[in-house]
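Following: one structure in structure tokens, then a few remarks.
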Amino acid sequence: MEPTTYFYLELKDWTVVAATVLGPILAVQAQKAVEALREHRTRKTRLFEQLMATRASRVSPEHVRALNMIDLVFYGERTLGVQRRSSKEQRVLDAWKEYLDHLNNKAEEESAQLWATQGDELFINLLYAVAQDIGYKFDRVQLKRGAYSPRAHGDLEAESAELRRATLSLLTGQHALKMNVIALPIDPDAVAANRAAIQNIGKALETGTLRVKVASAD
């Protein structure tokens with residue numbers, strides 16, 4: 008039985024031709040896919056490092072910038088026109104959504120401590136979800152207790168915040184600047200001139216005559 012031919016070439020020959028033509032194309036596409044996956048993981052790792060580095064200073068611009076990048080970095084990947092998101096990425100987004108909702112709900116003064124405690128727990132849940140997604144093995148206790156922040160930094164930040172509030176209160180007129188005047192500068196010549204003027208007025212009232220001396224400017 009003679010082999011089937013297409014355009015004078017057997018099926019096995021067409022297979023070799025297809026492999027020769029498509030091989031480099033598929034290799035390039037595979038390389039691009041690997042690079043895209045590597046870049047995606049690199050962005051996640053970089054964001055996690057920034058959150059870890061600033062976890063003891065959550066009002067710093069770097070920390071806020073990292074938080075605002077979570078929706079983009081963990082959005083997922085598009086494969087063949089289809090948007091795909093892993094379950095771990097979804098857990099990160101859910102944890103960020105809960106933490107963001109907490110941050111947007113400002114606490115009253117009497118419940119500020121409770122609000123801060125809840126925020127700590129939600130932030131640790133977010134860090135833990137990110138660590139799980141990129142394959143880092145951190146437990147919640149390590150994420151919560153492992154941060155170092157010098158006491159001087161905290162005092163400086165609190166003093167700076169208090170100074171800003173006090174300055175704003177003065178500028179807006181909510182409070183007045185208190186002054187305690189101990190003494191005023193005295194000019195002896197002015198005191199003597201004032202005393203002489205008072206004496207002259209007193210004599211004028213007694214005698215009914217007021218003497219005025221006019222001197223030239225020179």
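Per my numbering, the sequence shown runs over residues 8 to 225.
Beta carbons are placed, not taken as given, at the ideal position from N, Cα and C, and that holds for glycine.
- With 16 or more neighbouring CB atoms inside 10 Å of its own CB, Glu-96 falls in the buried class.
- Taking the CA atoms as reference points, Arg-50 sits about 42 Å from Ser-176.
- Around the CB of Thr-61, 16 or more other CB atoms lie within 10 Å, so the residue is classed as buried.
- Judged by DSSP secondary structure, Val-188 falls outside any beta strand (DSSP E); it is assigned neither H nor E.
- Taking a 10 Å sphere around the C-beta of Asp-140, we find 16 or more other C-beta atoms and assign the residue as buried.
- Counting along the chain, the unbroken beta strand (DSSP E) around Arg-91 starts and ends at 89 to 91.
- Under the three-state reduction of DSSP output, Glu-115 falls in the coil class, being neither helix nor strand.
- Under the 8 Å Cβ criterion, the stretch 72 to 81 does not count as touching the stretch 119 to 129, having fewer than three qualifying pairs.
- Annotation: the continuous alpha helix (DSSP H) that includes Arg-72 extends over 68 to 75.
- The stretch 97 to 112 and the stretch 122 to 139 touch, with no fewer than 3 CB-CB distances between them shorter than 8 Å.
- By the neighbour-count definition (other C-beta atoms within 10 Å, threshold 16), Leu-150 is a buried residue.
- The Cβ atoms of His-109 and Gln-90 lie no closer than 8 Å to each other.
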